[in-house]
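Trainee: Each residue of the sequence shown is one higher than the one before, counting from 11 in this note's numbering. Please see the structure below; I have some questions.
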Amino acid sequence: MLKEAIYHRPKNQFAYAYDEKTMHLRLRTKKNDADAVILIYGDPYEWSEKGWHFKLEPMHKSGSDELFDYWFAAVEPEYRRMRYGFELSSGDEKLIYTEKGFMNEITVDDTAPYFAFPFLNKADVFKAPEWVKDTVWYQIFPERFANGDSSINPEGTLEWGSTEPTSGNFFGGDFEGVIKNIDYLKELGVSGLYFTPVFKAYSNHKYDTIDYMELDPQFGDKETFKRLVQTCHENGIKIMLDAVFNHSGYYFPQFQDVLEHGMDSKYKDWFHIHQFPLKNEDDTLNYDAFAFVESMPKLNTEHPEVKEYLLEVGRYWVREFDIDGWRLDVANEVDHQFWREFRQAVRAEKEDVYILGEIWHDSMPWLLGDQFDAVMNYPFTTGTMNFIAGDKVRAQEFVNIMESVLHSYPKNVNEVAFNLLGSHDTPRILNTANHSKAKLKLLFAYQLSFIGSPCIYYGDEIGMDGEQDPGCRKCMIWDEAKQDRELFNYVKKLIGLRKQYPVFGNGGDITFVEANDETNHVIFTKQNEAQKMIAVLNNSETELTAALPFDLEDKKLIDLLTGKEYAAHSKNLTVTVKPFEMAFYLIGK
Numbered sequence: 011m012l013k014e015a016i017y018h019r020p021k022n023q024f025a026y027a028y029d030e031k032t033m034h035l036r037l038r039t040k041k042n043d044a045d046a047v048i049l050i051y052g053d054p055y056e057w058s059e060k061g062w063h064f065k066l067e068p069m070h071k072s073g074s075d076e077l078f079d080y081w082f083a084a085v086e087p088e089y090r091r092m093r094y095g096f097e098l099s100s101g102d103e104k105l106i107y108t109e110k111g112f113m114n115e116i117t118v119d120d121t122a123p124y125f126a127f128p129f130l131n132k133a134d135v136f137k138a139p140e141w142v143k144d145t146v147w148y149q150i151f152p153e154r155f156a157n158g159d160s161s162i163n164p165e166g167t168l169e170w171g172s173t174e175p176t177s178g179n180f181f182g183g184d185f186e187g188v189i190k191n192i193d194y195l196k197e198l199g200v201s202g203l204y205f206t207p208v209f210k211a212y213s214n215h216k217y218d219t220i221d222y223m224e225l226d227p228q229f230g231d232k233e234t235f236k237r238l239v240q241t242c243h244e245n246g247i248k249i250m251l252d253a254v255f256n257h258s259g260y261y262f263p264q265f266q267d268v269l270e271h272g273m274d275s276k277y278k279d280w281f282h283i284h285q286f287p288l289k290n291e292d293d294t295l296n297y298d299a300f301a302f303v304e305s306m307p308k309l310n311t312e313h314p315e316v317k318e319y320l321l322e323v324g325r326y327w328v329r330e331f332d333i334d335g336w337r338l339d340v341a342n343e344v345d346h347q348f349w350r351e352f353r354q355a356v357r358a359e360k361e362d363v364y365i366l367g368e369i370w371h372d373s374m375p376w377l378l379g380d381q382f383d384a385v386m387n388y389p390f391t392t393g394t395m396n397f398i399a400g401d402k403v404r405a406q407e408f409v410n411i412m413e414s415v416l417h418s419y420p421k422n423v424n425e426v427a428f429n430l431l432g433s434h435d436t437p438r439i440l441n442t443a444n445h446s447k448a449k450l451k452l453l454f455a456y457q458l459s460f461i462g463s464p465c466i467y468y469g470d471e472i473g474m475d476g477e478q479d480p481g482c483r484k485c486m487i488w489d490e491a492k493q494d495r496e497l498f499n500y501v502k503k504l505i506g507l508r509k510q511y512p513v514f515g516n517g518g519d520i521t522f523v524e525a526n527d528e529t530n531h532v533i534f535t536k537q538n539e540a541q542k543m544i545a546v547l548n549n550s551e552t553e554l555t556a557a558l559p560f561d562l563e564d565k566k567l568i569d570l571l572t573g574k575e576y577a578a579h580s581k582n583l584t585v586t587v588k589p590f591e592m593a594f595y596l597i598g599k
C-alpha cells in the first residue's frame with residue numbers, strides 16, 4: 011500500500027462529533043489500494059493487566075474520487091473519549107496507522123502513538139438549525155421580482171420588463187410585490203426566501219450599503235417588511251437576509267466623514283486606511299476595498315466600535331423582525347473572531363437562525379461549529395453545471411467531483427449545504443445549458459435529489475434566460491402565457507417528492523454506484539433505515555438502457571415521477587431512461 015496516500019487528522023471532516031454521542035471517522039487511502047480497513051478504538055483510561063482495552067469496527071468504503079478511496083465508520087464511545095488507529099490490509103500486507111506513523115501490529119502497552127479525540131463535548135458539536143434540512147430556498151433579487159407598490163418607485167423607474175437590465179436602471183421591485191405573489195411561491199413549494207440586500211444603498215443591487223439599520227425606501231418601510239415576514243411565516247416560508255459586513259458603500263456616513271475630515275475623522279480607524287490622501291494621482295487607492303472597487307471600502311471588523319455596530323445589526327433584524335437567517339457576503343475576508351461573536355450574538359436572539367457564508371473555495375475553517383452553518387456550495391454548482399449544462403466533463407469525472415464535495419465536509423455540514431445552480435452572480439442556467447430545456451430539467455432533477463438545502467434562483471423555474479450580470483437580473487415574468495408552465499410543474503413535482511419521501515432529499519445517504527463515460531450516465535442510491543431509492547441519470551442525447559447493478563428479484567419498484575409500479579421477477583432488472591432525463595425508483599417489498 012502507498013503509505014504517502016494514507017491520511018487522517020482529528021477535529022475536521024476526518025474525525026468529528028456527528029451528535030452528542032456519535033463519532034464519525036474517515037480515512038483516506040490511494041484509490042483501489044486497500045482491500046479492507048478496520049477502526050481500532052477504545053477509551054484511553056480503560057486498562058487491565060493485559061494492557062489497553064480496545065474494540066474493532068470494520069469501516070466501509072464511502073466513496074472514491076480521482077485519486078483516493080474514503081473509508082467510514084460511526085461509533086458511540088461509552089465515555090465520549092477515544093484513542094484510535096486503523097488497521098489496513100491489502101492481500102497479505104497489513105499496516106497499523108496511528109498519529110505517530112505506521113506499526114506492524116496493534117500495541118496495547120501504550121496509547122500515546124494513537125490518534126486522540128480527547129472528549130466529545132456537547133458545546134463542540136456542529137449544530138445547524140434542524141429546519142434547514144427540509145428547506146428548499148428561492149433566491150429573490152428584490153428590485154426585479156415584482157412591483158407591488160408603484161408609489162414608492164425610485165426616480166426614473168422604468169415600466170416592468172420594458173427593456174434589458176443594466177447595472178444602473180430601476181424597475182421598482184419591492185416587498186409588496188413579494189407579498190402579492192405569495193400564492194405563487196406557495197404553489198411552487200419553496201419553504202425559504204433568500205433576499206439579496208434590502209438595506210438602504212445607492213445601487214440597484216444594494217451591495218453598497220449606506221445604512222444597515224434602515225431598509226431601502228424603494229422596497230418599502232419597516233411595517234411592510236414586518237408584514238412580509240409574517241405573511242411568509244404564515245405560509246411556512248422562512249426569510250434570510252443578505253448582509254455585507256466585509257465592506258460598506260461609498261455613501262456610508264462614516265466613510266463620508268473620513269472623506270471630509272481625513273486624519274481628523276473619528277471614523278478613520280473604522281476602515282483599513284494606509285495613508286492620506288485616500289487616492290493617489292494614478293487613481294490607486296490608499297485604503298483596502300473589495301476587489302479594488304473605490305465605492306466599497308473594507309470595514310475594520312477588529313475595531314471595537316465597528317464590531318459592536320455590526321453585531322447589533324445582526325441582532326436587530328432577528329430581534330425586531332423575526333428573520334430566520336443571514337447570508338454573509340464576502341465572508342472569507344472577514345476575521346474569524348468576528349464571525350464567532352456574530353454567531354453568539356444572533357443565536358442569543360433566536361437559537362435556530364441559519365448562518366450562511368459566501369465562500370467559493372474549501373471552507374472547513376469556517377464550518378467547525380463556531381462560525382457558519384453552511385457556505386454557498388459552489389464546488390457542487392461548478393461540478394453539476396460542467397457535467398450537465400456545459401458538457402465539459404464526462405460521467406466518471408463528475409462522480410469524482412461529487413465524491414470530493416461530499417468528503418470535503420462532515421455529514422452534518424453536508425445536510426445543510428446551500429446547493430445552488432445559478433444566482434445573481436452567474437449567467438442564467440438556461441443560457442449555460444445552451445437553451446436546452448431538457449438539460450434545464452435534468453439540472454433541477456439532480457439538484458433537488460441531492461443531499462443539502464437546494465436554492466432556486468427566481469425565474470429559473472419558468473425558463474427565464476439571461477447572460478452574466480446584469481443580464482441574469484431581468485424582471486420576473488408574470489404573464490403566465492410567457493412562462494414555461496410545464497417546467498414550473500416539473501420543478502414543483504420534484505420539490506413535492508422531497509417533502510413526500512425523505513429518502514429523496516436529506517433523509518437518505520447517497521452512494522454513487524456506477525458512472526459510464528461511454529453512455530455518459532450515472533447511477534446512485536439514496537438510503538435510510540426504512541427506504542432505498544435508485545436514481546439513474548442519463549446525460550446524453552440518446553435513450554439509455556441500463557441494467558441496475560442490484561439483486562431486485564421479488565422487489566417492487568415505484569417510479570416516483572410517474573407513480574407506476576413494477577415487479578421485478580428476475581435478479582437483473584433493466585430500465586430505460588429518455589435522453590437528458592432522470593428516473594427515480596423507490597424499492598418496496
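Ideal placement from N, C-alpha and C gives every residue a C-beta, glycine not left out.
(1) When DSSP labels each residue in this structure, what does residue 291 get in the three-state scheme?
(2) How many whole angstroms separate the CB atoms of residue 389 and residue 26, which I take to be in contact at a CB cut-off of 8 Å?
(3) Just to confirm, are residue 96 and residue 152 a CB contact at a threshold of 8 Å?
(4) Can you name the residues that DSSP bridges to residue 598?
(5) How is the beta strand (DSSP E) around residue 404 delimited, first residue to last?
(6) Output the residue ranges of the alpha helix (DSSP H) runs that lie fully inside the segment 339 to 403 and measure 4 residues or longer, sorted by chain position.
(7) Which ranges does the beta strand (DSSP E) cover as unbroken runs of at least 3 residues, wholly within the segment 65 to 152, from first to last along the chain?
(8) Rounded to whole angstroms, what's the CA-CA distance from residue 580 to residue 564? Just pull it up for me.
(9) Cβ of residue 360 within 7 Å of any heavy atom in the ligand FAD?
(10) What does the alpha-carbon distance come out to for the pair residue 386 and residue 62?
(11) Which of helix, strand or coil does DSSP assign to residue 161?
(12) State the CB to CB distance for the pair residue 78 and residue 70, rounded to an integer number of angstroms; the pair is presumed to be in contact (CB under 8 Å).
(13) Restricting to Cα atoms, I'd like to know which of 105, 140, 215 and 344 is closest to residue 424.
(14) For residue 359 and residue 533, what's the separation of their Cα atoms in angstroms?
(15) Any contact of the segment 368 to 377 with the segment 447 to 457, i.e. 3+ C-beta pairs under 8 Å?
(16) I need the DSSP call for residue 170, collapsed to helix, strand or coil.
(17) Counting along the chain, where does the beta strand (DSSP E) carrying residue 557 start and finish?
(18) Decide if residue 87 is buried, meaning its Cβ has at least 16 other Cβ atoms within 10 Å, or exposed.
(19) What are the start and end residues of the alpha helix (DSSP H) that includes residue 263?
(20) If contacts are defined as beta-carbon pairs under 8 Å, then residue 514 and residue 594 qualify, I think. What distance do you get, rounded to the angstrom?
(21) Comparing C-alpha positions only, which one of 74, 72 and 53 sits nearest to residue 64?
(22) Can you have a look at residue 300 and say buried or exposed, based on whether 16 or more other CB atoms are within 10 angstroms of its CB?
(23) Kindly provide the ranges of any alpha helix (DSSP H) runs that are 4 or more residues long and lie completely inside the segment 395 to 474, ordered along the chain.
(24) Quick check on the DSSP output: what are the complete alpha helix (DSSP H) runs of length 4 or more inside the segment 218 to 267, in order along the chain?
(25) Pick from 334, 257, 268 and 346: whose alpha carbon is nearest that of residue 307?
(26) Closest to residue 110 by C-alpha separation, out of 571, 122, 436 and 361, would be which residue?
(27) Where residue 302 and residue 284 are concerned, what is the direct C-alpha to C-alpha distance, given to the nearest angstrom?
(28) Would the segment 583 to 592 count as touching the segment 554 to 563 if we require 3 or more Cβ pairs under 8 Å?
(29) So for residue 302, helix, strand or coil by DSSP?
(30) If residue 30 sits next to residue 132, beta carbons under 8 Å apart, how far is it from one beta carbon to the other, in whole angstroms?
(31) Do the segment 313 to 328 and the segment 275 to 290 meet, that is, are 3 or more Cβ pairs less than 8 Å apart?
(32) Check whether the segment 342 to 350 touches the segment 374 to 386, taking contact to mean three or more Cβ pairs, one atom from each stretch, closer than 8 Å.
(33) Excluding the five sequence neighbours on either side, which residues of its own chain have a C-beta within less than 7 Å of the C-beta of residue 237, listed in chain order?
(34) If you draw a straight line from the alpha carbon of residue 99 to that of residue 480, how long is it in whole angstroms?
(35) According to the Cβ coordinates, are residue 222 and residue 235 closer than 8 Å?
(36) If I'm right that residue 552 touches residue 512 with Cβ under 8 Å, what's the distance once you round it to whole angstroms?
Mentor: Put simply:
(1) In this structure, residue 291 counts as coil in the three-state DSSP scheme.
(2) About 19 Å separates the two Cβ atoms, so there is no contact after all.
(3) Against a cut-off of 8 Å, the Cβ pair of residue 152 and residue 96 comes out as no contact.
(4) Bridge partners of residue 598: 566.
(5) Per DSSP, residue 404 belongs to no beta strand (DSSP E) and is neither H nor E.
(6) 346 to 359 and 388 to 394, all fully within the segment 339 to 403.
(7) Those beta strand (DSSP E) runs which fall completely within the segment 65 to 152 and span 3+ residues are 65 to 74, 78 to 85, 92 to 100, 103 to 108, 111 to 113, 125 to 127 and 147 to 150.
(8) Going by the C-alpha atoms only, they are around 7 Å apart.
(9) Among the components modelled here there is no ligand, and therefore nothing to report on the ligand FAD.
(10) Inter-residue distance for residue 386 and residue 62 is about 44 Å (C-alpha atoms, whole angstroms).
(11) Helix.
(12) With a Cβ gap of about 15 Å, residue 78 and residue 70 do not count as contacting.
(13) For residue 424, the nearest C-alpha among the options comes from 140.
(14) Taking the straight line joining both Cα atoms gives about 44 Å.
(15) The answer is no - the segment 447 to 457 does not touch the segment 368 to 377, with fewer than three Cβ pairs under 8 Å.
(16) In this structure, DSSP gives residue 170 a state outside helix and strand, which the three-state scheme calls coil.
(17) For residue 557, the enclosing beta strand (DSSP E) begins and ends at 554 to 557.
(18) Buried is the call here.
(19) Run containing residue 263: 263 to 271, per the alpha helix (DSSP H) assignment.
(20) Going by Cβ atoms, the distance from residue 514 to residue 594 rounds to 7 Å, so yes, they are a contact pair.
(21) In terms of Cα proximity to residue 64, the closest of 74, 72 and 53 is 53.
(22) With 16 or more Cβ atoms within 10 Å of its Cβ, residue 300 is classed as buried.
(23) Counting whole runs of 4 or more residues, the segment 395 to 474 contains the alpha helix (DSSP H) stretches 405 to 417, 421 to 424, 439 to 442 and 447 to 458.
(24) Those alpha helix (DSSP H) runs which fall completely within the segment 218 to 267 and span 4+ residues are 232 to 244.
(25) Selection 334, 257, 268 and 346 evaluated against residue 307 yields 257 as nearest (Cα-Cα).
(26) Closest option to residue 110, Cα to Cα, is 122.
(27) About 14 Å.
(28) With a cut-off of 8 Å, the segment 554 to 563 and the segment 583 to 592 count as touching, because enough Cβ pairs lie within range.
(29) Helix at residue 302.
(30) Rounded, the Cβ-Cβ distance is 5 Å, consistent with contact.
(31) In this structure the segment 313 to 328 lies against the segment 275 to 290, because at least three pairs of beta carbons, one per stretch, are closer than 8 Å.
(32) At 8 Å Cβ cutoff, the stretches touch.
(33) In its chain, beyond the 5 residues on either side, 189 have a beta carbon closer than 7 Å to the beta carbon of residue 237.
(34) C-alpha separation (whole angstroms): 56 Å.
(35) Cβ distance not < 8 Å, so residue 222 and residue 235 don't count as in contact.
(36) Not really, about 33 Å apart at Cβ, beyond 8 Å.
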